[in-house]
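Asker:
Numbering (our numbering), first residue to last: 2 to 716.
(1) Of all the options 150, 251 and 401, which has the alpha carbon lying nearest to the alpha carbon of residue 183?
(2) Shortest alpha-carbon distance to residue 491 belongs to which of 142, 625 and 370?
(3) Do residue 362 and residue 335 come within 8 Å of each other at the CB atom, strictly closer than that value?
(4) Can you list, in chain order, the stretches of the alpha helix (DSSP H) that have 4 or more residues and sit fully within the stretch 456 to 542?
(5) Quick one: using the 10 Å Cβ neighbour count with 16 as the cut-off for buried, is residue 147 buried or exposed?
(6) Report yes if the C-beta distance between residue 156 and residue 101 is below 8 Å; otherwise report no.
(7) Measuring alpha carbon to alpha carbon, tell me which residue in 364, 350 and 344 is nearest residue 356.
(8) Let's see if you can read the secondary structure: which residues bound the beta strand (DSSP E) around residue 80?
(9) Between which two residues does the alpha helix (DSSP H) holding residue 583 run?
(10) So what's residue 403 in DSSP terms, helix, strand or just coil?
(11) Residue 307 to residue 472, Cα distance in whole Å?
(12) Roughly how many angstroms lie between the CA atoms of residue 606 and residue 417, to the nearest whole one?
(13) Is residue 39 helix, strand or coil when you go by DSSP?
(14) For residue 293, name the three-state secondary structure that DSSP assigns.
(15) Bridge partners of residue 308, per DSSP?
(16) Please classify residue 246: is it buried, with 16 or more other beta-carbons within 10 angstroms of its beta-carbon, or exposed?
(17) Are the stretch 374 to 391 and the stretch 419 to 435 in contact at 8 Å, needing three or more beta carbon pairs?
(18) In the structure shown, what three-state DSSP assignment does residue 25 receive?
(19) Assign residue 605 to one of three DSSP states: helix, strand, or coil.
(20) Out of curiosity, what's the CA-to-CA distance linking residue 684 and residue 614?
(21) Check the C-beta distance from residue 554 over to residue 647 and give it rounded, since I have them as a contact under 8 Å.
(22) Count the other CB atoms, across all protein chains shown, that sit within 10 Å of the CB of residue 1; report buried if there are 16 or more and exposed otherwise.
(23) So the candidates are 228, 149 and 279; which of them puts its Cα closest to the Cα of residue 213?
(24) Can you tell me whether DSSP reads residue 90 as helix, strand or coil?
(25) What is the DSSP secondary structure of residue 66, reduced to helix, strand or coil?
(26) Rounded to whole angstroms, what's the CA-CA distance from residue 586 to residue 663? Just pull it up for me.
(27) Is it buried or exposed, residue 40, if we count other Cβ atoms within 10 angstroms and call 16 or more buried?
(28) If you run the structure through DSSP and keep just helix, strand and coil, what is residue 561?
(29) State the CB to CB distance for the pair residue 481 and residue 295, rounded to an integer number of angstroms; the pair is presumed to be in contact (CB under 8 Å).
(30) Going by DSSP, name the residue or residues bridged to residue 598.
(31) From residue 568 to residue 592, what distance separates their C-alpha atoms?
(32) Work out the CA separation of residue 331 and residue 651 for me, nearest whole Å.
(33) Which residues in the same chain as residue 564 place their Cβ atom closer than 6 Å to its Cβ, once the five residues preceding and following it in sequence are excluded?
(34) Going by DSSP, which residues form a beta bridge with residue 379?
(35) Starting from the Cα of residue 231, find the closest Cα among 239, 217 and 238 and give me that residue.
(36) Is it buried or exposed, residue 642, if we count other Cβ atoms within 10 angstroms and call 16 or more buried?
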């Protein structure tokens, strides 16, 4: 731990306690106790005879001391977070100063020569009152701590200092530190320099691993060398599953729970099955690094067994007789769900055929709904049957999960339920009392009707559980970053060639948060989208009274909603006309793609063979976000086409068509996007409008349009 760090508080009585500071390396076992009335002494022996008050062991930066108080009850402890930022803990100020600001400067003492430091909200308003508040302030205009000699609470009208703290001579503010690369005796691991970004974040540059091990994980622990008694930590995406293949990839790891770089001695890549260290590095004792912005959120179940399925998902359980009690705790948003259950394949995680419970909170009310999964699609009524992710009431089963309790606190949704290990429902999969249970889990968004959409986190690799095992808790606290990473979306494609009369419509993956969601502003419900002329959900510009041909390859196998997507053109962006009720259908105008039965019922007419862009066997849909551009993403996909031909949808937009129509799927919702119906397709004007709306230069957008034209000609 770093010198000066408060690691705890010794409680002598409820009213008398001592702050414990590190004044030397742990190996010396020397600690300084500072009494509340500022009397200090050395403690060389163990503290085991005294009570320890936990909850203060949080590294917040490098201590600069307390604010000297002169007037207006100014007080607080000042820490340097990094070279530009201060944290003031328990800041006090009565707010009665006339023209008072945070004030910094480089003169020997605080005075009129200095500059205003904005408050914790980034504003330069005069200071209001504060009562034991923790605030973070940042030096303006890129100034650094090494450029100043003091920070003060200063009144400009009276030219008077109410409180101040001085920057020690030669003070070095916390900053990220670059260490050596990971060492590997076997040569199975290679890397560039390892960077300690903050107290919980480690970046491994140019990380390379072949991915051949069955149970290889990132591993941390204490002691002079890595060993089997360490702790597994999540990978760069938060998963607790074995490491795959990496090739010179820069990855960011977060030390989970209440641990940080000061509580571990090493980081390793460890093979649990063979008890072998594939690569490792030692974490130095003295690190002058910024504190983490990650908030630790403790949660501990009363049930005796616990496993982390993901850094955001915890399962606890107990088996008593032929009944199992399960608690699922998930760090999910209020509009999300978590599902858990038995795999459709006893040897590997498989969603199709799985028996799961879908858990979510709607306001203060929690829900636990038994589901059967027959297809990778939302529940869809097709040929008189419900297929997809359907609750058991629709799929012909029964609800066999017995709700016990639900609650949401600190951003964690907690669900506790019971169910028999073996239920009388033939559609349910037993929870095995002996041996390993092959489980599946998922986290995703919910629709407005509280139905599960396509998941974005899930159990892609094996995570078997033994429900009847010796009692063991292997969970850690949840953590949440206060700063969410900004995701740069892929550029929307605009197909606006006035000479183009034919378009090819195929299916493909939605591309994650950079793709369909960013382009359209709609969450993908199915995980699929239309690829028009090879582009993901492009804007298409059509001229009125001109005939167009769409070659549709959405699949005509009507027994599985995943492989049945006739195209329809409508006046609304949702699609999935076949799943609407009669009142909803009355609100939709279908412009093309349907016919009528002898009874006058609407039916789709243009489906064609199934032709779909898919991830290859070595790629992973969870990593779609890594592709900076759609072109690079699509080049990683493989086109898989079945037997048969495309269906040809011919139509002529006329004056009765709205200015904006939508190409959609008959079966699945939110898979297509806009058709712009114009009297004249003026490419230059379209370029200008598109450029201003999506921040593209005309030249780059023109290249996109030309590429679309060339691809259409090639197809």
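Backbone N, C-alpha and C fix where the C-beta goes; we use that ideal spot for every residue, glycine too. From a predicted model like this one, the values you see are computed outputs, not experimental measurements.
Answerer: Quick look at the numbers:
(1) 251
(2) 625
(3) yes
(4) 517 to 521
(5) exposed
(6) yes
(7) 344
(8) 76 to 81
(9) 583 to 587
(10) strand
(11) 9 Å
(12) 47 Å
(13) With a pLDDT of 30 at residue 39, under the threshold of 50, the modelled position of this residue cannot be trusted, and the question is left open.
(14) coil
(15) 316
(16) exposed
(17) no
(18) Reliability of the predicted coordinates at residue 25 is poor, the pLDDT of 41 falling under 50, and the value obtained from them is presented with this limitation in mind. Note: residue 25 maps to coil in three-state DSSP.
(19) strand
(20) 29 Å
(21) 5 Å
(22) Any property of residue 1 remains undetermined from this structure, which presents the chain solely from 2 to 716.
(23) 279
(24) strand
(25) strand
(26) 16 Å
(27) Low per-residue confidence applies at residue 40: pLDDT is 33, beneath 50, and the placement is therefore not dependable, though the value from the model is reported in the following sentence. So residue 40 ends up on the exposed side.
(28) coil
(29) 7 Å
(30) Answer by DSSP bridge pairing: none, since residue 598 is not bridged.
(31) 11 Å
(32) 49 Å
(33) 556, 558 and 611
(34) 390
(35) 217
(36) exposed
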